[in-house]
Amino acid sequence: MEEKVKNTPEEEAMIEAAYAKLKETYLNSNHRKHIDIINKAFRYAKHAHAGVRRRSGEPYIMHPIAVAQIVAEELGLGSTSICSALLHDVVEDTDTSVEDIKNLFGDKISIIVDGLTKISGGVFGTQASAQAENFRKLLLTMSEDIRVVLIKMADRLHNMRTLGSMPPHKQLKIAGETQYIYAPLANRLGLYAIKTELEDLSFKYEHPDKYVELSKKLEATSNERDKLFADIKQPIREKLAELGISAEIQSRIKSVYSIWKKMEKKAIPFEEVYDILAIRIVFDCPDLKEEKQHCWAIYSAVTDLYKPRPDRIRDWVNTPKANGYEALHLTVMGPDNKWIEVQIRSRRMDDIAEKGFAAHWKYKTGEQDDSELEKWLQTIKEQLENPDSNAIDFLDTFKMNLFASEIFVYTPKGDIKTMPQGSTVLDLAFDLHTELGMQCIGAKVSHKLVPITYKLQSGDQVEILTSKRQQPKSDWIEIVQTAKARNCIRQMFRKEYHTLIAMGVKKLQEFLKKYNISDDHDTVNRIIEHYGEPNKDEMMYKIGKGSLDLQELTKTMFKDKKSSRWVKIWDLTFGKLTGNNNNNLLNNPSKEETKKTTKNGLKVTENNKNEDGNGPKYRIAECCCPIPGDDILGFLDESGVYIVHKRQCPVALKLKSNYGSQIVSASWETHRVLSFPATIQVKGMDRIGILGEIIDVISSMLKINISRLTLDTDDGLFTANITVYIRDVEDVNNLCMNILKIKDINAVERVATDKAVLK
Ligand code: MN
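So the number in my numbering is just where the residue sits in the sequence shown, counting from 1, plus 1004.
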């Protein structure tokens, strides 16, 4: 793969220039000037990688230099990290050993390089759980030295920036993994700038057309925003000058990915995303004690000029986010009569927000530091040390904690605890102390008695009530949310838990047999999807316990198929499998073909068994129900069936990271479609005649038929789920737009599946 070619004089000059820039960045920083060891690391790495090239054709050494540049410039780290970044691939890719690094560069650097080597190698491995396992290793090392994970972030960022030179199927996989693991991790570490860039780059490779379209629109509207910014800025600047506050006023443009996410979520066109521009005021405040006072002085100055929206103040100065983010956010009415967000931060807060905890160290004074990050790392360590958790389960639990937004509760003494959203009294009890959890019988929240199942709300003051006679129960596992509580309970009832899983497996087998449904991997996966359970064990446990009703399946998933109107005609193209040959599945030559196109007019019925038996078998995933026009991918499952998901489907994201080698790109070729079912949800005010107007809009649109409609009303508001037969995404979008024009309709969106309607 890698050819050894000598560098040309131009390339030599390019390498030296890149390195000179790195040195300059370092020397301009506040760090101690350990330039000698950096020089040594650079010469060593350059020599070790000599003659090797990256896929783009560049000399390999350009990559470690670029990673070191990110480490120095964007993360603000010092010489140890810069050396480690320069050396991060030498153990992995050359004859150098960790021992060599230790002898030449000392303990610290060799530990970091060793950590980076351990988590590199198989990140794109073929084993199903390889990535989860690697991720576990990553976090283990991370709790030893956070610099390992920061350098890994820089490595990933550079690889994403240069992803263009990879073949398309690898791009998709790497982009998916970035979106699934690295961007949320960056967010959790408080690396906002990097998180935003990673998301944007992933989006660019996953939805290339939309990326180009939105970038163009953003470009075309930039003059308007510049003018608005100038109009808003001038009076603020004058006012701050009067107050004697020195500050920089910056314009912040929403990223392409965030714009797209908002459009999707609210089903609105680009033109209606009103918060593309935000204003950021970064003030200088050498005396840290005066920061808070300055924030509110600026708040007061801004609101003298522009009317604030009272429900949109976010005070992260008094209560920083768990990842360390501090700032004061408000929304004001701009001169164009539109709401605009204003962020107020000190220079220190801004540094921490952009560079994360790395910058935190810069401001650290005296002994500390019981920071939130330390606590977070501690919980991760506890998880990792639990020998029982299998890797994928671990990743799920970890992800759950990573994504869940947080709530704040108070202890009776007034201390603040940060918990994931949805946490119960029992979670808090276990979080405070295992013993407290085991004896918990309830709590007092604002002087009222609540049961252990009570879901905590932000701001609750909670006093845990215990009894020595309380006995933990195995079904507590269904009450708790947090990994810590779950692990404690699981430990106590390990035996019982496994018995129930075995019972669940048996019950399901009997059920499938009784209804003559084939008992294969595909069926089981579909049932997991149907119930929305996180994994097979969890589902089997619930079936075993009887808390999932299998009979329900006969009314929904396995309903008599003849009554269904699902008849579709379209073509699907599947791309290359990305994995390599270690995987048994891929040794089967019939599945190894690079491209398989179904024949024109192939008929596919609901369960998508292909009629003539040729071509790939596939089915449409029930979790996201893609229709022609959606960006999709195929996942080849163990039974040889391609499952077609939307690219942004959360289930697909997970598959991409855990089973990347079984992912194929897929696209709708031509579609001469009779009709697809799609469900839209309409919310609005419940007034006389409104339903009639909705139905009028639907039936006036060509070739759209309503197949099902359910209506819920609650206190003057209604929610309607309407399943319609349409041809493609464009139909649905047009339909949503037209319904939105009706008076008193507040929201219209396509919902993932018509499952909600069936229930
Ligand atoms: Mn690398």
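Every residue gets a Cβ at the ideal spot worked out from N, C-alpha and C, and that includes glycine. Please read these numbers as outputs of a predicted model, since none were measured by experiment.
CA nearest to the CA of residue i, picked from the options
{"i": "Val1701", "options": "Ile1505, Gly1119 and Ile1749", "result": "Ile1749"}
{"i": "Pro1068", "options": "Leu1334, Leu1026 and Thr1727", "result": "Leu1026"}
{"i": "Ala1506", "options": "Asp1479, Gly1548 and Pro1538", "result": "Gly1548"}
{"i": "Arg1036", "options": "Ala1070, Val1056, Arg1057 and Ser1085", "result": "Ser1085"}
{"i": "Val1752", "options": "Ser1703, Val1686 and Pro1013", "result": "Val1686"}
{"i": "Ile1631", "options": "Asp1553, Asn1737 and Val1655", "result": "Asn1737"}
{"i": "Leu1640", "options": "Ile1667, Ser1661, Lys1658 and Trp1480", "result": "Ile1667"}
{"i": "Lys1747", "options": "Arg1712, Met1689 and Asp1718", "result": "Met1689"}
{"i": "Lys1243", "options": "Pro1013, Asp1213 and Tyr1310", "result": "Tyr1310"}
{"i": "Glu1533", "options": "Cys1628, Lys1177 and Gly1638", "result": "Cys1628"}
{"i": "Leu1557", "options": "Asp1291, Tyr1622, Val1528 and Ala1022", "result": "Val1528"}
{"i": "Asn1163", "options": "Ile1456, Ala1245 and Glu1201", "result": "Glu1201"}
{"i": "Leu1659", "options": "Ile1042, Pro1212, Lys1177 and Arg1047", "result": "Lys1177"}
{"i": "Ala1070", "options": "Ala1021, Asn1034 and Ile1105", "result": "Ala1021"}
{"i": "Lys1650", "options": "Asn1662, Ser1661, Tyr1663 and Ile1636", "result": "Ile1636"}
{"i": "Ile1694", "options": "Lys1112, Leu1167, Ser1206 and Lys1745", "result": "Lys1745"}
{"i": "Met1705", "options": "Cys1740, Asp1716, Ala1724 and Thr1717", "result": "Cys1740"}
{"i": "Pro1171", "options": "Ser1669, Ser1083 and Ile1065", "result": "Ser1669"}
{"i": "Gly1328", "options": "Ala1357, Gln1238, Val1429 and Tyr1519", "result": "Ala1357"}
Cβ neighbours of residue i in the same chain (closer than 6 Å, five flanking residues each side left out)
{"i": "Lys1331", "result": "Note on residue identity: the sequence assigns Ala, not Lys, to residue 1331. So the list reads Trp1320, Gln1347, Arg1349 and Met1353, once near-sequence residues are dropped."}
{"i": "Asp1431", "result": "Val1484, Gln1485, Thr1486 and Ala1489"}
{"i": "Asp1118", "result": "Val1102"}
{"i": "Ser1250", "result": "Asp1288"}
{"i": "Phe1434", "result": "Gly1441, Lys1488, Ala1489 and Cys1492"}
{"i": "Val1449", "result": "Asp1464 and Val1466"}
{"i": "Asp1204", "result": "Ser1259, Val1260 and Tyr1261"}
{"i": "Arg1151", "result": "Ser1085 and Ile1116"}
Beta-carbon proximity list for residue i, same chain, < 7 Å, skipping 5 on both sides
{"i": "Thr1098", "result": "Ala1052 and His1053"}
{"i": "Asp1553", "result": "none"}
{"i": "Ala1270", "result": "In the sequence under discussion, the amino acid at residue 1270 is Lys, which differs from the Ala named in the question. Counting only Cβ-Cβ distances below 7 Å, and skipping sequence neighbours, we find nothing."}
{"i": "Tyr1023", "result": "Phe1046 and Ile1069"}
{"i": "Glu1697", "result": "Ile1746"}
{"i": "Met1496", "result": "Pro1476"}
{"i": "Glu1014", "result": "none"}
{"i": "Ala1017", "result": "none"}
Whole-number beta carbon distance between residue j and residue i, since they are thought to touch under 8 Å
{"i": "Leu1440", "j": "Gly1446", "result": "No, Leu1440 and Gly1446 are not in contact; Cβ-Cβ is about 12 Å, not under 8 Å."}
{"i": "Val1728", "j": "Ile1710", "result": "6 Å"}
{"i": "Phe1109", "j": "Ala1045", "result": "7 Å"}
{"i": "Arg1530", "j": "Glu1626", "result": "7 Å"}
{"i": "Thr1683", "j": "Val1733", "result": "So it is not a contact: roughly 14 Å between Cβ atoms."}
{"i": "Phe1274", "j": "Lys1231", "result": "The Cβ separation is near 19 Å, so there is no contact."}
{"i": "Gln1073", "j": "Thr1029", "result": "7 Å"}
{"i": "Asp1523", "j": "Gln1513", "result": "6 Å"}
{"i": "Gln1254", "j": "Val1286", "result": "7 Å"}
Beta-carbon spacing of residue i, residue j below 8 Å
{"i": "Leu1088", "j": "Ile1155", "result": "Reading the sequence as shown, one finds Ser at residue 1088 and not Leu. Cβ atoms of Ser1088 and Ile1155: closer than 8 Å."}
{"i": "Ala1301", "j": "Leu1247", "result": "yes"}
{"i": "Val1260", "j": "Met1267", "result": "no"}
{"i": "Ala1187", "j": "Glu1078", "result": "no"}
{"i": "Tyr1184", "j": "Leu1657", "result": "yes"}
{"i": "Lys1318", "j": "His1333", "result": "According to the sequence as given, residue 1318 is Arg; it is not Lys. Result yes, Cβ atoms of Arg1318 and His1333 sit closer than 8 Å."}
{"i": "Ala1179", "j": "Tyr1209", "result": "yes"}
{"i": "Ile1468", "j": "Leu1504", "result": "no"}
{"i": "Gly1055", "j": "Val1095", "result": "no"}
{"i": "Val1645", "j": "Lys1621", "result": "yes"}
{"i": "Ile1521", "j": "Leu1460", "result": "no"}
{"i": "Arg1284", "j": "Ser1169", "result": "no"}
{"i": "Leu1281", "j": "Ile1263", "result": "no"}
Strand pairing of residue i, partner residues [DSSP]
{"i": "Pro1063", "result": "Arg1057"}
{"i": "Ile1749", "result": "Gly1688"}
{"i": "Trp1320", "result": "Its beta-bridge partners do not exist; DSSP assigns none."}
{"i": "Gln1666", "result": "According to DSSP, which records beta bridges pairwise, Gln1666 is partnered with nothing at all."}
{"i": "His1649", "result": "Leu1637"}
{"i": "Asn1539", "result": "For Asn1539, which the question treats as bridged, DSSP gives no partner whatsoever."}
{"i": "Met1442", "result": "Looking at the DSSP assignment, Met1442 forms no beta bridge with any residue, so it has no partner."}
{"i": "Tyr1729", "result": "Pro1681 and Asn1709"}
Contact set for residue i: own chain, Cβ-Cβ below 8 Å, skip 5 residues either direction
{"i": "Arg1160", "result": "Thr1182, Tyr1186 and Leu1202"}
{"i": "Lys1342", "result": "Tyr1278"}
{"i": "His1298", "result": "Ile1249, Phe1287, Cys1289 and Ser1350"}
{"i": "Leu1589", "result": "Note that Leu1589 scores a pLDDT of 32, beneath 50, so its modelled location is shaky and nothing firm can be said."}
{"i": "Lys1517", "result": "Asp1523"}
Check: residue i C-beta below 7 Å from any heavy atom of ligand 3
{"i": "His1067", "result": "Of the ligands this structure carries, namely ligand 1, none is ligand 3."}
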